[in-house]
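In the order they appear, the protein sequences are chains A and B. Here the first sequence stands for residues 1 to 212, where the numbers follow UniProt numbering. Here the second sequence stands for residues 1 to 212, where the numbers follow UniProt numbering.
There are 2 protein chains.
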Amino acid sequence: MARPSSYHHGNLKEVLLEAARKLIEEHGAFGFSLTEAARLAGVSPAAPYRHFKDRDALLAEVARNGFERFAACLDTAWNNGVPTPLSAFENLGKAYLAFAREEPASYTVMFETGLAPGTEGETLPAAERAFEVLQQAAEALCRSLPEDERPPLKLVSLHLWTMAHGVATLFSKGGRAARKVPMTPEEVLESGLLIYLKGLGILPDAKEDGSG
Amino acid sequence: MARPSSYHHGNLKEVLLEAARKLIEEHGAFGFSLTEAARLAGVSPAAPYRHFKDRDALLAEVARNGFERFAACLDTAWNNGVPTPLSAFENLGKAYLAFAREEPASYTVMFETGLAPGTEGETLPAAERAFEVLQQAAEALCRSLPEDERPPLKLVSLHLWTMAHGVATLFSKGGRAARKVPMTPEEVLESGLLIYLKGLGILPDAKEDGSG
DNA sequence: CTTTGATGTAAAAGCCCTTTACATGAGTCA
DNA sequence: TGACTCATGTAAAGGGCTTTTACATCAAAG
Numbered sequence: 001m002a003r004p005s006s007y008h009h010g011n012l013k014e015v016l017l018e019a020a021r022k023l024i025e026e027h028g029a030f031g032f033s034l035t036e037a038a039r040l041a042g043v044s045p046a047a048p049y050r051h052f053k054d055r056d057a058l059l060a061e062v063a064r065n066g067f068e069r070f071a072a073c074l075d076t077a078w079n080n081g082v083p084t085p086l087s088a089f090e091n092l093g094k095a096y097l098a099f100a101r102e103e104p105a106s107y108t109v110m111f112e113t114g115l116a117p118g119t120e121g122e123t124l125p126a127a128e129r130a131f132e133v134l135q136q137a138a139e140a141l142c143r144s145l146p147e148d149e150r151p152p153l154k155l156v157s158l159h160l161w162t163m164a165h166g167v168a169t170l171f172s173k174g175g176r177a178a179r180k181v182p183m184t185p186e187e188v189l190e191s192g193l194l195i196y197l198k199g200l201g202i203l204p205d206a207k208e209d210g211s212g
Numbered sequence: 001m002a003r004p005s006s007y008h009h010g011n012l013k014e015v016l017l018e019a020a021r022k023l024i025e026e027h028g029a030f031g032f033s034l035t036e037a038a039r040l041a042g043v044s045p046a047a048p049y050r051h052f053k054d055r056d057a058l059l060a061e062v063a064r065n066g067f068e069r070f071a072a073c074l075d076t077a078w079n080n081g082v083p084t085p086l087s088a089f090e091n092l093g094k095a096y097l098a099f100a101r102e103e104p105a106s107y108t109v110m111f112e113t114g115l116a117p118g119t120e121g122e123t124l125p126a127a128e129r130a131f132e133v134l135q136q137a138a139e140a141l142c143r144s145l146p147e148d149e150r151p152p153l154k155l156v157s158l159h160l161w162t163m164a165h166g167v168a169t170l171f172s173k174g175g176r177a178a179r180k181v182p183m184t185p186e187e188v189l190e191s192g193l194l195i196y197l198k199g200l201g202i203l204p205d206a207k208e209d210g211s212g
C-alpha cells in the first residue's frame with residue numbers, strides 16, 4: 001500500500017494522524033502545526049488538504065479516532081463484567097488510565113476543552129459508546145443493592161467517569177498532582193473508587209470486613 | 001491611571017490579560033492570538049513584548065494570576081471550617097465549580113495540559129496554596145475518624161480534587177457530559193462527595209440516618 | 001492509448017510571532 | 001526652563017503557518 005518514494009503517498013491520511021499525535025505529545029496541543037505534520041510525512045504543506053478540510057478537521061479526526069480506540073479498550077477491559085463485576089471494574093479503571101498514559105495526545109484532544117471550539121459541540125458516537133461501558137459497569141455494580149437504595153445509574157456512572165478523568169488529567173505529563181504524592185495514578189484511582197463503592201454500600205466497611 | 005488616547009497606555013499589562021481571557025473564552029485556547037489581544041487593547045502588535053517575554057509568558061501569567069484568585073476563592077469559601085466542617089466543605093465545592101464556570105479561560109489555562117509545555121513543569125506557589133485549602137478541608141473532615149481509620153490526608157485531598165476537577169472539566173462549556181444528565185454540576189459533585197464521605201465513615205449511611 | 005479522478009506540488013495571499021531600530025513622553029536634575 | 005533618561009509604544013521586516021488556486025502526476029477504466 002505505502003509507496004514512500006512515489007509521487008503518491010498511498011497512506012497519507014493515517015500517517016498525518018500519527019504525525020499529529022506525535023507532535024502534540026512532544027510539543028503540546030499548541031505546538032502542533034499542519035505544516036510540520038506534512039513535513040514529517042514527507043509531503044508538501046498543501047497535501048493534507050486532500051484529506052482534511054482544515055487543521056481543525058484533522059484534530060477532530062484525532063479525537064474521533066481516539067474515542068473509537070478508547071471505547072474498544074474500555075469494552076475489552078470490562079469484558080461484560082466477568083469473572084466478577086468487581087474485578088472487571090478494577091480492570092476498567094486501569095484500562096482508562098492506561099489509555100490516557102499511552103495516548104496522551106489523543107486523550108488531550110478528546111477531552112480538553114478550548115482546543116477546537118466548533119468540534120466539541122457535537123457528541124461523537126464513539127464517545128457515547130465509551131460512556132456506555134461505564135454505565136454498564138455502574139449497573140452491574142449497583143445490582144447488588146436493594147432497588148430502593150440504588151442511585152440513578154447515570155449519576156453513578158458520571159461519578160465514576162469524573163474520578164477517572166480527574167486522575168487521568170491531574171496526573172498526566174508533568175501534571176500538577178504528579179509530584180504531590182508518592183503514589184501511582186492507579187493507586188489513587190483505585191483507592192478513591194473503593195471508598196466511593198463503600199459509600200454506595202456495595203463494598204463492606206473495612207472494620208466490618210477486617211480482611212482488606 | 002489609564003489614558004486611552006495618549007501614546008502611553010498606562011494599564012496595558014492588565015488590559016492584555018483581560019483581553020486574553022476574553023479571547024480564550026470566545027474562541028478557545030487555540031483561537032487566542034497576541035496580535036488580536038493587542039488590537040483589543042488598542043496597541044500595536046509589538047507592544048505586548050514590553051510586558052511579556054512572549055506569547056507563552058502571557059498565558060503563563062494568566063495561569064499564575066488565575067491560581068491566585070482561585071486560591072483566594074477556595075480559602076474564603078472554606079472559611080477555616082466554620083460554622084461546621086461539613087457546611088464549609090459544601091461551600092468549598094460550590095466555590096470550586098463557580099470559579100471554573102465564571103473564569104473558564106483561567107481554569108482552562110491553569111489546568112489543561114498541552115497548552116504551554118514548558119510552563120506546567122514548575123508548580124506555582126498559588127497552586128500549592130489552593131491545594132492546601134483542600135488539604136485543610138480533608139484534615140478537618142477526617143478529624144472525626146479514629147486515628148487508625150484515617151487514610152493519608154494527601155490521598156483524601158487528591159480524591160477531593162479529582163472529583164471537583166473532573167466535574168468542572170467534564171461539564172464545562174458544551175462539555176461532553178453536560179447533555180448526559182439533567183443535573184447541575186453542583187448536584188453531581190455534591191452527591192459524589194457525599195457518597196465518598198460515607199465511604200470514609202465520616203457520614204452515616206442513609207438507611208441508618210433516614211433524614212436524607 | 002486516452003481519459004479521468006484522486007492525490008500531490010508550487011506559488012501566493014494573509015495572518016501571526018518576534019526582533020530591531022526608532023519615537024514619545026513623564027519624571028528628574030541642573 | 002531645558003536637557004537627560006527610562007519606560008513604554010510604533011513601524012518595519014523576516015520567517016512560519018494556514019489556506020486557496022492552478023497545475024502535475026499517476027493508476028485505473030474504457
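C-beta atoms are modelled at their ideal positions from N, C-alpha and C, and glycine is treated no differently. Small disclaimer: the values here were computed from a predicted structure and weren't measured.
{"Check": "Kindly give me the distance between the Cβ atoms of B:A71 and B:W78, rounded to whole angstroms, as I take these residues to be in contact under 8 angstroms.", "Outcome": "Actually they do not touch by this definition, with Cβ atoms about 11 angstroms apart."}
{"Check": "Identify which residue in B:L203, B:P104 and B:V82 has its Cα closest to the Cα of B:E18.", "Outcome": "B:P104"}
{"Check": "Name the chain B residues that come within less than 9 angstroms of A:E190, Cβ to Cβ?", "Outcome": "What A:E190 touches in chain B: nothing, since even the nearest Cβ is about 11 angstroms away."}
{"Check": "Throw me the rounded Cβ distance for the B:F67 and B:A137 pair, which I believe falls under 8 angstroms.", "Outcome": "Actually they are not in contact, since the Cβ atoms of B:F67 and B:A137 sit about 18 angstroms apart, beyond 8 angstroms."}
{"Check": "Output needed for A:F99: all residues of its chain with C-beta closer than 7 angstroms, excluding positions within five of it in sequence on either side, in chain order.", "Outcome": "F70, C73 and Y107"}
{"Check": "If you draw a straight line from the alpha carbon of A:A95 to that of A:L141, how long is it in whole angstroms?", "Outcome": "18 angstroms"}
{"Check": "Given A:L153, which residues of its chain have a CB within under 7 angstroms of its CB, disregarding the five upstream and five downstream residues?", "Outcome": "Q135, A138, E139 and C142"}
{"Check": "Relative to chain A, which residues along the UniProt DNA-binding region \"H-T-H motif\" (33-52) of chain B have a C-beta separation below 9 angstroms, given in chain order?", "Outcome": "none"}
{"Check": "What does B:Y196 reach in chain A if we use C-beta pairs closer than 8 angstroms?", "Outcome": "G192, I195, Y196 and G199"}
{"Check": "Determine the direct distance from the alpha carbon of A:R150 to that of residue 214 of chain A, and round the result to whole angstroms.", "Outcome": "Residue 214 of chain A falls outside the range modelled here, since chain A spans only 1 to 212, and no answer is possible."}
{"Check": "Do you know whose CA, among A:E25, A:G31, A:L200 and A:D205, lies nearest A:L160's CA?", "Outcome": "A:L200"}
{"Check": "Taking beta-carbon pairs under 7 angstroms, can you tell me which members of the stretch 54-75 of chain B lie near chain A?", "Outcome": "none"}
{"Check": "If you measure between the beta carbons of B:L145 and B:I202, is that distance less than 8 angstroms?", "Outcome": "yes"}
{"Check": "Which residues bound the alpha helix (DSSP H) around A:T169?", "Outcome": "L153 to F171"}
{"Check": "Using beta carbons (cut-off 8 angstroms, strictly below), is B:E112 in contact with chain A?", "Outcome": "yes"}
{"Check": "Is A:T184 close to chain B, meaning its C-beta is less than 8 angstroms from at least one C-beta of that chain?", "Outcome": "no"}
{"Check": "What residues of chain B sit near A:G10, judged by a beta carbon separation below 8 angstroms?", "Outcome": "Ordered by position in chain B, no residue passes the 8 angstroms Cβ test against A:G10, which lies about 30 angstroms from the chain."}
{"Check": "Could you give the first and the last residue of the continuous alpha helix (DSSP H) run that contains residue 213 of chain A?", "Outcome": "An answer regarding residue 213 of chain A cannot be provided, because it is not within the stretch 1 to 212 covered by chain A."}
{"Check": "Could you check what DSSP says for B:H43 in three-state terms: helix, strand or coil?", "Outcome": "Per the sequence shown, residue 43 of chain B should be read as Val rather than His. Reduced to three states, the DSSP call for B:V43 is coil."}
{"Check": "Excluding the 5 residues flanking B:M163 on each side, which residues of the same chain have their C-beta closer than 8 angstroms to its C-beta?", "Outcome": "L189, G192, L193 and Y196"}
{"Check": "Can you name, in chain order, every residue of its own chain whose Cβ lies under 8 angstroms from the Cβ of B:L16, other than the five neighbours on each side?", "Outcome": "A37, A38, A41, P48, H51, F52 and L58"}
{"Check": "Give me, in chain order, the residues of the same chain whose beta-carbon lies closer than 8 angstroms to that of A:N65; leave out the 5 immediate sequence neighbours on both sides.", "Outcome": "L17 and S106"}
{"Check": "State the CB to CB distance for the pair B:A20 and B:F32, rounded to an integer number of angstroms; the pair is presumed to be in contact (CB under 8 angstroms).", "Outcome": "6 angstroms"}
{"Check": "Looking at the C-beta of A:E208, does it have a partner C-beta in chain B at a distance below 8 angstroms?", "Outcome": "Any reading at A:E208 must be qualified, since the residue scores a pLDDT of 47, below 50, and its modelled position is unreliable; the value itself is stated next. A:E208 does not count as touching chain B."}
{"Check": "According to DSSP, simplified to helix, strand and coil, what is A:S33?", "Outcome": "coil"}
{"Check": "Alpha carbon to alpha carbon, how far is A:P185 from B:N91?", "Outcome": "27 angstroms"}
{"Check": "Can you tell me which of A:V43, A:V109 and A:A60 puts its alpha carbon nearest to the alpha carbon of A:G10?", "Outcome": "A:V43"}
{"Check": "Can you find the residues in the same chain that come closer than 7 angstroms, C-beta to C-beta, to A:K198, ignoring five residues on each side of it along the sequence?", "Outcome": "D205"}
{"Check": "Does A:M183 come out as helix, strand or coil in the three-state DSSP assignment?", "Outcome": "coil"}
{"Check": "Could you tell me the distance, in whole angstroms, from the CA atom of B:S6 to the CA atom of B:R55?", "Outcome": "25 angstroms"}
{"Check": "Anything in chain B within Cβ reach of A:K22, meaning under 9 angstroms, just list it in chain order.", "Outcome": "Residues of chain B passing the Cβ test: none, with the nearest at roughly 13 angstroms."}
{"Check": "Measure the alpha-carbon distance for A:E26 versus B:V167 and round it to whole angstroms.", "Outcome": "27 angstroms"}
{"Check": "Who are the near neighbours of B:L12 in its chain, counting only those whose CB is closer than 7 angstroms to its CB and skipping five residues on each side?", "Outcome": "A41, V43, A47 and H51"}
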